[in-house]
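A short write-up of the structure that comes next.
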Amino acid sequence: MMQNPIYFLLKQSRSTGPMLLPRLVHSSVTLQRNAESGGAETSDMPIEIENPFKKEKVVCILCKMKIEPDYKNVRLLSQFVSPFTGLMYGRHITGLCKTQQERVASEITKSQNAGMMPYYNKEPEFLEDPKLFNPDRPVRNHEY
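Residue numbers (our numbering): 14 to 157.
Now the structure itself:
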């Protein structure tokens, strides 16, 4: 097997002066071998891979864990309520999908009407619960 010759290219650099850069030149033997094998080598073909820049699909936490909101599960519902105002956080903060956000909102209303959850604040016993999301850093930008 014959090796490809290496030629040096003279390149002028402003800072260091002239430099010799190696250049690999393919010989005619390599080109003949490719022609005999039926064209280009398979290693030169592009690789079939998924799009590396594609973003992962975001799934809301209730859908991912397959949790159905219920008005009797006050501890879960209180995670989506502000401790200062008693209002439910928006979708851009909670990261819930539209259907789950509507279900949680209706279950919070049912729970408040049944007297299990307060209207204007959050139960003090639920203030130390682990956070499902950070209200100070929304998942998505606000619509307005």
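Beta carbons: idealized from backbone N, C-alpha and C, even for Gly.
Since this is a predicted model, take the numbers as computed values, not measurements.
Can you tell which of the options has its C-alpha closest to the C-alpha of residue i?
i	options	result
T112	M130, R88 and E81	E81
M129	E61, D83, S56 and V72	D83
S97	K135, D149, M58 and F146	Just to set this straight, residue 97 is Phe in the shown sequence, not Ser. Among K135, D149, M58 and F146, the Cα nearest to that of F97 is on K135.
L140	S124, V87, G103 and N126	V87
K144	K67, F66, D57 and T107	T107
C73	E61, F93 and N126	F93
F146	M101, E120 and K123	M101
K85	E120, I62 and N64	E120
E138	L89, K123, N126 and T122	L89
S91	D149, T122, M78 and P59	T122
K79	A127, K68, H105 and C110	C110
Pop quiz: residue i and residue j are said to be a contact at Cβ under 8 Å. What is the actual Cβ separation, rounded to whole angstroms?
i	j	result
Y132	G103	About 18 Å; that fails the 8 Å criterion.
Since residue i is in the alpha helix (DSSP H), which residue starts that stretch and which ends it?
i	result
K77	I74 to M78
Is it the case that the CB of residue i approaches a heavy atom of the ligand FMN more closely than 7 Å?
i	result
E156	Among the components of this structure there are no ligands whatsoever, and the ligand FMN is therefore not found.
The segment 115 to 123 touching the segment 148 to 155, judged by at least three CB pairs closer than 8 Å: In this structure the segment 115 to 123 does not lie against the segment 148 to 155, because fewer than three pairs of beta carbons, one per stretch, are closer than 8 Å.
Every unbroken alpha helix (DSSP H) within the segment 82 to 115, with a cutoff of 4 residues, ordered by chain: Here the runs fully enclosed are 87 to 91 and 104 to 107.
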